[in-house]
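S.K.:
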Amino acid sequence: MRDSCNFEAVQAKVAALRTDIVRMITAAGSGHPGGSLSAVEIMATLYFGGVLNYDAENPKAEARDRFILSKGHAAPVLYATLANAGYFPREELTTLRAFGSRLQGHPDSLKLPGVEVSTGSLGQGLSISSGLAYALAFPASAQSPTVFTLLGDGELQEGQVWEAAMFAAHYRLSNLVAIIDNNELQIDGAVSEVMDVRDISAKLSSFGWYVLEADGHDVRALYKELTTAKAHKEGPAVVVAHTVKGKGVSFMENQCGWHGKAPNAEQCAAALDELCAPGEAALSVSDRPADREVV
Ligand SMILES: [Mg+2]
Numbered sequence: 005m006r007d008s009c010n011f012e013a014v015q016a017k018v019a020a021l022r023t024d025i026v027r028m029i030t031a032a033g034s035g036h037p038g039g040s041l042s043a044v045e046i047m048a049t050l051y052f053g054g055v056l057n058y059d060a061e062n063p064k065a066e067a068r069d070r071f072i073l074s075k076g077h078a079a080p081v082l083y084a085t086l087a088n089a090g091y092f093p094r095e096e097l098t099t100l101r102a103f104g105s106r107l108q109g110h111p112d113s114l115k116l117p118g119v120e121v122s123t124g125s126l127g128q129g130l131s132i133s134s135g136l137a138y139a140l141a142f143p144a145s146a147q148s149p150t151v152f153t154l155l156g157d158g159e160l161q162e163g164q165v166w167e168a169a170m171f172a173a174h175y176r177l178s179n180l181v182a183i184i185d186n187n188e189l190q191i192d193g194a195v196s197e198v199m200d201v202r203d204i205s206a207k208l209s210s211f212g213w214y215v216l217e218a219d220g221h222d223v224r225a226l227y228k229e230l231t232t233a234k235a236h237k238e239g240p241a242v243v244v245a246h247t248v249k250g251k252g253v254s255f256m257e258n259q260c261g262w263h264g265k266a267p268n269a270e271q272c273a274a275a276l277d278e279l280c281a282p283g284e285a286a287l288s289v290s291d292r293p294a295d296r297e298v299v
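Under the numbering used here, the first residue of the sequence shown carries the number 5, and numbering increases by one thereafter.
1) Can you look up Tyr175 in the DSSP assignment and give me helix, strand or coil?
2) Mark Pro240 as exposed unless 16 or more other C-beta atoms lie within 10 angstroms of its C-beta, in which case mark it buried.
3) From Ser122 to Asp277, what distance separates their C-alpha atoms?
4) Could you pull the DSSP bridge partners for Tyr214 from this structure?
5) Looking at Leu130: is its Cβ nearer than 8 Å to the Cβ of Val81?
6) Just to confirm, does Gly39 get its C-beta within under 7 Å of one of the non-hydrogen atoms of ligand 1?
7) May I ask whether a heavy atom of ligand 1 can be found less than 7 Å away from the beta carbon of Leu126?
8) Does ligand 1 have a heavy atom nearer than 7 Å to the CB of Val195?
9) DSSP on His221, reduced to helix/strand/coil?
10) Would you say the beta carbon of Leu189 comes nearer than 7 Å to a heavy atom of ligand 2?
11) Can you give me the start and stop residues for the alpha helix (DSSP H) that Ala182 sits inside?
12) Asp302: beta carbon under 7 Å from a heavy atom of ligand 1?
13) Can you round the beta-carbon distance between Leu155 and Ser74 to whole angstroms, since I take them to be within the 8 Å contact cut?
So this is what it looks like as structure tokens:
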């Protein structure tokens, strides 16, 4: 973890990740833009703000921090982040969901470097992360790697999350940081209407977690709270990040219909008009052969 952060550099990555997400999902013809776009600043701050300790040249380095995308359907934001971090070529992003691609619809740890755990079955990431943090904490050391995991707010409806929350607090897993992408929507509508998770911060606090909150689209606020959470040594910490589903693309923002739907070519062009800096060279949708089988 660095002592200071180049916020301009992080912001530049934020823009790159958003365009990559829109382009790769368009190329695939399917995927999850809403919950990928809401988590862009979170991922950019972790990987490009110096919060997460990793080495793309040596993805299995023992001392690395671990990141686990519990909301595995947001694979596009993870893939865009890993590509921009140097784990694999950015050009490969347009193979998303193609038959034989390393970039499956949900992350596959056996295929892609930088993916710690195969995820997608919601509710499991916090349990996996807690077990991992428990194992990494022995022998106890100030240098123990930190395990970060990103959950959706709709995902908190899964009962297993709360068993893991109880476990992590009981064993005072100070090398565990959870982040909640609190965009208040899920596939079928508003979280408050599908099954209200109510006050997330109060709930986790009552379980014994150190709770922090941030504007999930403000990289300075995220950096402050994520570094504070990482430095907290009294038990597990959580950053509840208040976000907007589909952030950055006006017609996708706060629309649960864009949870798992790909833009068509016209919508992609409109989205990129909003997202792209003038003259930015990014991946072309036509890089993707049209006859690939989509899985
Ligand atoms: Mg959500």
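Glycine included, C-beta positions come from ideal geometry on N, C-alpha and C.
M.R.: Straight from the coordinates:
1) Indexing the sequence shown from 1 puts residue 175 at position 171. Looking at Tyr175 - three-state DSSP - the assignment turns out to be coil, as it is neither helix nor strand.
2) Indexing the sequence shown from 1 puts residue 240 at position 236. It is buried - the Cβ of Pro240 has at least 16 other Cβ atoms within 10 Å.
3) By 1-based counting over the sequence shown, the position of residue 122 is 118. By 1-based counting over the sequence shown, the position of residue 277 is 273. Rounded to whole angstroms, Ser122 to Asp277 spans 34 Å at the Cα level.
4) The residue you call residue 214 lines up with position 210 of the sequence shown. Ala241, per the DSSP bridge assignment.
5) Numbered from 1 along the sequence shown, position 126 holds the residue referred to as residue 130. Numbered from 1 along the sequence shown, position 77 holds the residue referred to as residue 81. No; because the gap between Cβ atoms is not below 8 Å, this pair is not in contact.
6) Here the question's residue 39 lines up with position 35 in the sequence shown. It does: the Cβ of Gly39 is within 7 Å (strictly closer) of some heavy atom of ligand 1.
7) The count along the sequence shown starts at 1 and reaches residue 126 at position 122. It does not: the Cβ of Leu126 is nowhere closer than 7 Å to a heavy atom of ligand 1.
8) Here residue 195 is taken as the residue at index 191 of the sequence shown, counted from 1. Flag set: Cβ of Val195 near ligand 1.
9) On the sequence shown, residue 221 is found 217 positions in, with the first residue counted as 1. His221: coil per DSSP, three-state reduction.
10) This structure lacks ligand 2; the ligands present are ligand 1.
11) Reading the sequence shown from its first residue, position 178 is the one you call residue 182. Run containing Ala182: none in the alpha helix (DSSP H); it sits in the beta strand (DSSP E), Leu180 to Asn186.
12) Absent from the model: residue 302. The displayed extent of the chain is 5 to 299, so no value can be given.
13) Position 151 of the sequence shown, counted from the first residue, corresponds to residue 155. Position 70 of the sequence shown, counted from the first residue, corresponds to residue 74. Contact flag correct, Cβ pair sits at about 5 Å.
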